[in-house]
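Here's the structure we're looking at; comments come further down.
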Amino acid sequence: MDIFIKNIVDLLKAEIPLSEEEIKGLIEIPPDLKMGDFAFPCFAVAKQLKNNPGKISAELAQKLPISDSITDIKSQGPYLNFYVSKEMIFKTVLDEIFTESDFYGSSDSGAGKTAVIDYSSPNIAKHLAVHHLRSAVIGNAIYNLYKTIGYKCVGINHLGDWGTQFGQLIVAFKRWGPDLKGQDSIKETGLDISKLNELYVRFHKEAKDNPSLEDEARDWFRKLEGGNEEAIETWQYFKDISLSEFERVYEKLGIKFDSYAGESFYNNMLNDTVKRIKDAGLSEVSEEALIVNLEEYDMPPCILRKKDDASLYATRDICAAEYRKREYNFDKMIYVVGSEQRLHFKQLFKVLELMGYEWMSDCIHVDFGLVKFKQGKMSTREGKVVLLEELLVESCKIAEEIIDGKNADLENKAEVANDVGIGAIIFSELSTKRVKDVMFDWNEILNFDGETGPYVQYTHARLCSVLRKCGGTVTNEVDYDVFKEDDELLLVKKLESFPLTIIRSAQNCEPSILSKYLLDLCSTFNRFYQHHRILIDDTELKMARILLVDSIRQVIKNGLSILGLKAPERM
Ligand code: ARG
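This is the structure in C-alpha cells:
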C-alpha cells in the first residue's frame, strides 16, 4: 500500500473510531484535481462521533498535521480533502510499481484470514447453464481479489450432485439407458450430458401415466442415501460424465477450484446436523415433514427432511456451512449465486443464526442478475441456439476473424484469439454491477473500441508495442521532476489508486469496480497518447515517460489477471 494512503490512514486512525481497513475502504479519489488528491467522506463517521459531517471535517482539517508528503488538508463540506506533494507522487508511485511489478496492488490487510468462496456450483446430469458461467466468472474474480489483499482463499464448487432427482435418473437409466455392465470406460457407452437429459425428460413424461415410477425413484434415492452399491455406482457414473464436461469448460475459462465437495459430500453428516437442530428445539413436524418454522421472520419454513426422510438442498447447505466453519475456520464465506436464490440464503442464514452460530454474520450471499441474449436465447451470431461450451468456441472464432483483419501475420494467432475470445466473455460478465442484468450482444462484447475486455487487452498490447519501439529498456532511475503535464499527473494518480480499487472491489465483492477502473485507465492513457509523444529527443523526459508507460502496462496486466483475463503482448 503506497505511502500517501498509508499516511492518511495513520492520521485518521488516531482520530476516528474505524479500523485501518475500513478507512482504506472509504478513501476516495476526487474527480477534480482542485479538490485534492484524496478525500475522506466524514458522513461515514457522523453517527459514531455524534457530530455532523461538516463539523467533523472542519475540526479534522484544523487538527491534523501536514508533512512532506501530505502538504495540505482542507475541509470542503462533509469531505476532508488531502493534497499530496506533486514531486513525491511520481517517484513514490512509479518506483513502487517498478519494484513490485506483478505484485503491485497486493496488500496484507487480509493476512491471517481465510475466505471461503462458493461459486459456479452447477447441478450434475445437466448442461452448465449461463448463470453457472456468470457465477464462475464473478466467483473467480472475487477469489483473486481476496487473494490479492492477503486472504487465504478456498474456492469450492458446491456441485448439485444429490437429491431425489438422482433416484429418478437411476430409474430412467436402468429402464432405457445403455447397459453399463461390461463397459470398462465411460466413453464406450456414448452417454453424455445431453443423453442424461433425455433420460430425465423421458422419466417425467412416462411418470405421468405411470406414477409408480415415482415410488421407484424415491426408493432408489433412499438406497443412494443409504449407500447401496449399485445406486452409488450408477450415480458416480453420472457424476463422472458431468464433471468431464464441466472441467472442459472451466479449463477454457481458466477457472479452478480448490474443492469439489458438492452436496453429496455431506450425506453422512446430515443426521448430526438435523439432530443439532432438533436438540436446540428449533424443528417441528408439519405435514409429516421436518421443518424449521420461520413464520416469525416472515419467511416460508426451511424444510429439513421430507416425509420419506429424504434430505433437501437447504439441509445440505446448513450442514455444508457447519463443515466449512470446522474445516477452514473462515473469516468470510461468500456464496456467489444468482438473485433468484435470495430467499434460500435468507432462510439459511436465519437457521444458522437460530442455531447460535455467531459466525453466520460472516456469511454473505453475493447475488447477481440474469444474462439476457440480444440475439435470442443463448445463440451464435446466426441465431442458432447453442450450449455454453459452443458459445466460448464461437467467441474465439470471431476474435480470430477480427485479429486476422488487423494483424494477419501475428505469430501465435490462435492462442491470442483464444485469450481475446474468452476475455471478451469474461469481461462482459464483470463490467456492469453484478446485480444488474447483462445484455449479451455479439456486436458489443468483441468491440475493440467499446467498454470491453478486448479494448483493455488491445490497449495493453499497444503499450507493449510502444515499449518495444523504445528498445525495451525501462529504468526507475529517472529524473522525476521532468513530469510537468496535467495529463501525466492524472495518469500517475490513477495508477496510485489501483491498490485502493482492489480493496474496494474486494470489500464490496464487486469486480465491476476493477473493470471500470481498467476501462478508465485505458481511456486516460489513450487520450494522453493522442497528445503526447514518448519517443522524443529529450532523453530525460523520454526515459521518464517510458517508465510511466511501463507502469500503466504493468497495472493493466495485474488488473486483467485478477479479473481472470490474459494480457497478450501482441494482438
Ligand atoms: N446448484 C445450485 C444451482 O444450480 C447452486 C448452488 C449454490 N451454492 C450453494 N451452496 N447453495 O442452482
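Residue numbers for the sequence shown follow full-length UniProt numbering, beginning at 1 and rising by one. Where is the CB? At the ideal position from N, CA and C, for every residue including glycine.
Item, Value
"Tyr-79, DSSP secondary structure in three states", "strand"
"Residue from Phe-246, Leu-354, Ile-334 with nearest C-alpha to Asp-279", "Leu-354"
"Burial state of Ala-461, where buried means 16 or more other Cβ atoms lie within 10 Å", "buried"
"Proximity below 8 Å, CB of Ala-320 to CB of Ile-303", "no"
"Distance cut-off 7 Å: Asn-81 Cβ against heavy atoms of the ligand ARG", "no"
"Straight-line gap, Glu-206 to Gly-383 (C-alpha atoms, nearest Å)", "32 Å"
"First and last residue of the uninterrupted beta strand (DSSP E) at Asp-118", "114-118"
"Backbone CA spacing between Val-466 and Asp-481 [nearest angstrom]", "22 Å"
"Distance cut-off 7 Å: Ser-561 Cβ against heavy atoms of the ligand ARG", "no"
"Whether Met-35 touches Gln-76 by CB criterion (8 Å)", "yes"
"Three CB pairs or more closer than 8 Å across the segment 165-173 and the segment 217-235", "yes"
"Backbone secondary structure at Phe-368 - three-state DSSP", "coil"
"Residue environment, Ile-124, which counts as buried when at least 16 other CB atoms sit within 10 Å", "buried"
"Cβ-Cβ distance between Ala-39 and Pro-30 below 8 Å", "yes"
"Alpha-carbon spacing of Tyr-104 relative to Arg-570, whole angstroms", "22 Å"
"Residue 660 (DSSP reduced to helix, strand or coil)", "Residue 660 cannot be examined here, being either before or after the span of the chain that is shown, 1 to 571."
"Glu-284, enclosing beta strand (DSSP E) - first and last residue", "283-286"
"As assigned by DSSP and simplified to three states, the class of Tyr-323", "helix"
"Every unbroken beta strand (DSSP E) inside the segment 426-492 [3 residues or more]", "438-440"
"Closer than 7 Å: Asp-309 CB and nearest the ligand ARG heavy atom", "no"
"Rounded Cβ spacing between Gly-564 and Asn-144 (contact assumed at less than 8 Å)", "7 Å"
"Val-336, enclosing beta strand (DSSP E) - first and last residue", "332-336"
"Pairwise C-alpha distance: Arg-553 and Thr-473", "14 Å"
"Under the three-state DSSP convention, the category Glu-569 falls into", "coil"
"Residue span of the alpha helix (DSSP H) that contains Ala-61, given as start and end", "53-63"
"Sequence-distant residues of its chain with Cβ nearer than 7 Å to Lys-413 (five each side left out)", "Glu-400, Ile-403"
"Contact test: Tyr-335 Cβ vs the ligand ARG heavy atom, cutoff 7 Å", "yes"
"Inter-stretch contact (C-beta, 8 Å, three-pair minimum) for the segment 366-376 and the segment 386-393", "no"
"Ser-106 Cβ short of 7 Å to the ligand ARG heavy atom set", "no"
"Simplified DSSP assignment, three categories, for Glu-225", "helix"
"Within 8 Å, strictly: CB atoms of Lys-256 and Ala-115", "no"
"Straight-line gap, Ala-136 to Ser-120 (C-alpha atoms, nearest Å)", "4 Å"
"Alpha-carbon to alpha-carbon, Lys-493 and Ile-89", "8 Å"
"Beta strand (DSSP E) segment containing Ile-156, residue limits", "152-156"
"Best match in Glu-87, Glu-322, Asp-32 for proximity to Asn-81 [C-alpha to C-alpha]", "Asp-32"
"Arg-316 classed as buried or exposed, judged by whether at least 16 other C-beta atoms fall within 10 angstroms", "buried"
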